[in-house]
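Asks: At the far end of the sequence shown sits residue 380, using the numbering used here, and the numbering has no gaps.
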Amino acid sequence: MVNGRKISAIEATLPSILELSKSNLLASLEALDQPKYRAEQVWRAIYKEGRTSFGQMTNLSKDLRGILAQNYSIGNAATVISKKSADNSTDKILFKLPDGELIETVLMRYEPDGHRRGRKTVCVSTQAGCALGCTFCATGQQGFRRNLTAGEITEQVLTMERLALAEDKEEIQAGTRSRGELQGVTNVVFMGMGEPLANYENMMESIWVLNDPKGIGIGARHITVSTVGLVPGIEKLAKENIQINLAVSLHAPDNETRSETMPVNKRYPIEELIEACKYFVTKTNRRIFIEYVLLKDQNDTSMHANKLGRILKDLLCHVNLIPVNPTDDGPYHRTTYKEAQRFQSDLKTFNVPSTVRMEKGIDIDAGCGQLRDRALALTE
Ligand code: SAH
Ligand code: SF4
1 MVNGRKISAI EATLPSILEL SKSNLLASLE ALDQPKYRAE QVWRAIYKEG
51 RTSFGQMTNL SKDLRGILAQ NYSIGNAATV ISKKSADNST DKILFKLPDG
101 ELIETVLMRY EPDGHRRGRK TVCVSTQAGC ALGCTFCATG QQGFRRNLTA
151 GEITEQVLTM ERLALAEDKE EIQAGTRSRG ELQGVTNVVF MGMGEPLANY
201 ENMMESIWVL NDPKGIGIGA RHITVSTVGL VPGIEKLAKE NIQINLAVSL
251 HAPDNETRSE TMPVNKRYPI EELIEACKYF VTKTNRRIFI EYVLLKDQND
301 TSMHANKLGR ILKDLLCHVN LIPVNPTDDG PYHRTTYKEA QRFQSDLKTF
351 NVPSTVRMEK GIDIDAGCGQ LRDRALALTE
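1) Buried or exposed for Gly229, please, with buried defined as at least 16 other CB atoms from any protein chain shown within 10 angstroms of its CB.
2) Could you check how far apart the C-beta atoms of Ser206 and Ala150 are, in whole angstroms? I think they sit under 8 Å.
3) Answer yes if the segment 249-259 comes into contact with the segment 232-240, meaning at least three C-beta pairs across the two stretches below 8 Å, and no otherwise.
4) Given 7 Å as the limit, tell me if Val188 has its C-beta closer than that to any heavy atom belonging to the ligand SAH.
5) Give the single residue among Pro331, Met303 and Val324 whose Cα lies nearest to the Cα of Ser345.
6) Pairs of beta-carbons, one from the segment 269-289 and one from the segment 238-250, closer than 8 Å: are there three or more?
7) So what's Pro232 in DSSP terms, helix, strand or just coil?
8) Per DSSP, which residues does Arg109 bridge with? Please list them.
9) Tell me where the beta strand (DSSP E) around Cys317 begins and ends.
10) To the nearest angstrom, how far is it from the Cα of Glu40 to the Cα of Ala78?
11) Starting from the Cα of Leu295, find the closest Cα among Val324, Met262 and Ala220 and give me that residue.
12) With three or more C-beta pairs closer than 8 Å as the rule, is the segment 139-155 touching the segment 167-179?
13) Alpha carbon to alpha carbon, how far is Ile10 from Gln56?
14) Assess contact between the segment 96-110 and the segment 48-65, defined as three or more Cβ pairs (one per stretch) separated by less than 8 Å. Is contact present?
15) Quick one: what's got a C-beta closer than 7 Å to Val264's C-beta in the same chain, skipping five residues either side?
16) Closer than 6 Å by C-beta to Pro353: which residues in its own chain qualify, once you throw out the five before and the five after it? Chain order, please.
17) So if DSSP puts Ser354 in a beta bridge, which residue, or which two residues, is it bridged to?
18) With DSSP collapsed to three states, give me the class of Ser21.
19) Roughly how far, in whole angstroms, is the beta-carbon of Phe289 from the beta-carbon of Asn320, given that I think they are within contact range, below 8 Å?
20) Is there contact between the segment 183-194 and the segment 121-139, where contact requires at least three CB pairs shorter than 8 Å?
21) Find the nearest neighbour of Ile218 within the set Gly66, Pro326, Met160 and Thr139, judged by alpha-carbon distance.
22) Measuring only the C-alpha atoms, how far is Arg179 from Asp113?
23) With the cut-off set at 8 Å, would you say Leu122 and Val185 are in Cβ contact?
24) Can you tell me whether His115 is buried or exposed, with buried defined as 16 or more other CB within 10 angstroms of its CB?
25) Run through DSSP, which three-state label would Phe95 get?
26) Please state the DSSP three-state secondary structure of Leu250.
27) By how many angstroms is the C-alpha of Ile274 removed from the C-alpha of Leu312?
28) Going residue by residue through the segment 33-85, where are the continuous beta strand (DSSP E) segments of at least 3 residues, counting only ones entirely within it?
29) Output the distance between the C-alpha atoms of Thr126 and Ala69, rounded to the nearest integer angstrom.
30) May I ask you to report which of helix, strand or coil DSSP gives Thr335?
31) Find the nearest neighbour of Ala164 within the set Asn211, Gly100 and Asn88, judged by alpha-carbon distance.
32) Cα separation between Ala86 and Lys92?
33) Do Ala247 and Thr261 have their C-beta atoms closer together than 8 Å?
34) For the ligand SAH, any of its heavy atoms closer than 7 Å to the Cβ of Gly66?
35) Specify the secondary structure class of Phe144 as computed by DSSP and reduced to three states.
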């Protein structure tokens with residue numbers, strides 16, 4: 001049962017073509033006696049044009065369209081609920097996967113501001129549930145269900161990309177966007193449900209698909225992975241040949257405080273985590289985002305701020321201070337804006353840059369407010 005609703009039994013589905021890397025798609029089409037360029041055409045139709053059925057791919061032969069439709073689906077996630085915020089800035093979709101698992105994806109629109117173009121950021125889930133049990137997190141309290149496949153991760157972005165492309169086209173028609181300027185989704189943050197680095201291979205496979213310039217084409221610098229702090233995963237990511245951003249959910253400046261809310265700290269204590277962050281910076285030359293959810297009286301005092309300043313002063317990083325979005329039965333309360341600013345000025349004495357993120361929960365779900373706010377912090 002989910003929200004009092006019974007999930008229907010497993011539905012029969014064809015394999016999703018979104019599970020195939022480009023080289024696998026090539027091999028699959030070769031096995032069907034198709035020339036190489038067909039794979040490029042199918043890829044483009046799916047990811048660049050956002051086609052939702054093989055029947056729409058009219059540049060393919062009728063036979064091939066038929067064969068593809070008999071063998072593959074273009075994704076298997078069904079939209080169960082789709083909500084839009086009153087100000088139209090945010091869409092949130094609840095998807096049902098073929099085995100009944102439910103996951104959330106959010107699209108956040110940011111207006112152009114002075115020197116910056118408008119952005120559309122998608123926040124994706126990487127797991128159904130999460131095994132890491134952070135005490136302030138709603139997903140963590142649900143426990144682990146399963147890893148999402150690479151195709152299931154990609155499909156979340158693809159669904160939002162179709163929406164974004166349709167909006168671009170409407171704007172072009174209305175004359176508010178210049179002709180031919182199809183922008184679609186501009187940023188992806190891995191900070192929905194689940195721990196991306198605990199589903200490393202599928203996450204990376206999806207990132208390569210999202211990053212392909214002949215498809216959705218999200219630039220590496222516009223992709224951010226948020227981790228609870230799995231040290232081996234951070235080290236592995238540092239060695240990948242791609243310039244993506246890393247956000248680390250630190251949430252405390254010492255082991256005692258961190259272990260109270262984040263069980264993972266017993267496995268990877270702060271010293272090891274900060275070392276891994278330094279390694280990431282050395283390998284990639286990229287600044288790390290440190291996520292710090294402020295929990296009233298638990299981790300938000302001046303003492304905590306000073307300790308945090310001391311452990312971060314030699315790390316190339318930017319701290320995002322986020323007053324907690326209290327979960328339904330959770331014991332946590334929000335830090336006030338004034339207290340958050342005081343925390344920030346303590347950090348400043350160590351030359352550690354930070355931003356206070358204090359957006360109110362938006363109408364479709366307070367959780368989205370939190371996501372939206374965080375995503376903004378990671379993509380500006
Ligand atoms: N598992 C990854 C990514 C998903 S969680 C991680 O932990 O980083 C995305 C972010 O939301 C994390 O920084 C997490 O600590 C934060 N978060 C979880 N519950 C929250 C809450 N109730 N209020 C504010 N932030 C929360
Ligand atoms: Fe939630 Fe991330 Fe902790 Fe998992 S690791 S419980 S998703 S905050």
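Ideal placement from N, C-alpha and C gives every residue a C-beta, glycine not left out.
None of the values given here were measured: they were computed from a predicted structure.
Replies: Result, derived from the coordinates:
1) buried
2) 5 Å
3) The segment 232-240 and the segment 249-259 do not touch, with fewer than 3 CB-CB distances between them shorter than 8 Å.
4) no
5) Cα-wise, what sits closest to Ser345 is Met303.
6) yes
7) helix
8) Lys120
9) Cys317 to Pro323
10) 26 Å
11) Val324
12) Taking a contact to require three or more Cβ pairs closer than 8 Å, the segment 167-179 and the segment 139-155 do not qualify as touching.
13) Residue placement at Ile10 is poorly supported in this model, since its pLDDT is 43, which falls under 50; the coordinates still yield a value, given next. Each residue's Cα considered, the two are about 28 Å apart.
14) no
15) Leu132, Val228 and Gly229, listed in sequence order.
16) His318
17) Val319
18) coil
19) Right, their Cβ atoms sit about 6 Å apart.
20) Output reads yes: the segment 121-139 touches the segment 183-194.
21) Met160
22) Take the alpha-carbon of Arg179 and the one of Asp113: they are about 21 Å apart.
23) Strictly speaking, residue 122 in this sequence is Val, with Leu absent from that position. Going by C-beta atoms, Val122 is nearer than 8 Å to Val185.
24) It counts as exposed.
25) strand
26) coil
27) 8 Å
28) The segment 33-85 contains these whole beta strand (DSSP E) runs: 78-84.
29) 27 Å
30) coil
31) Asn88
32) Each residue's Cα considered, the two are about 12 Å apart.
33) no
34) no
35) Strand, per DSSP.
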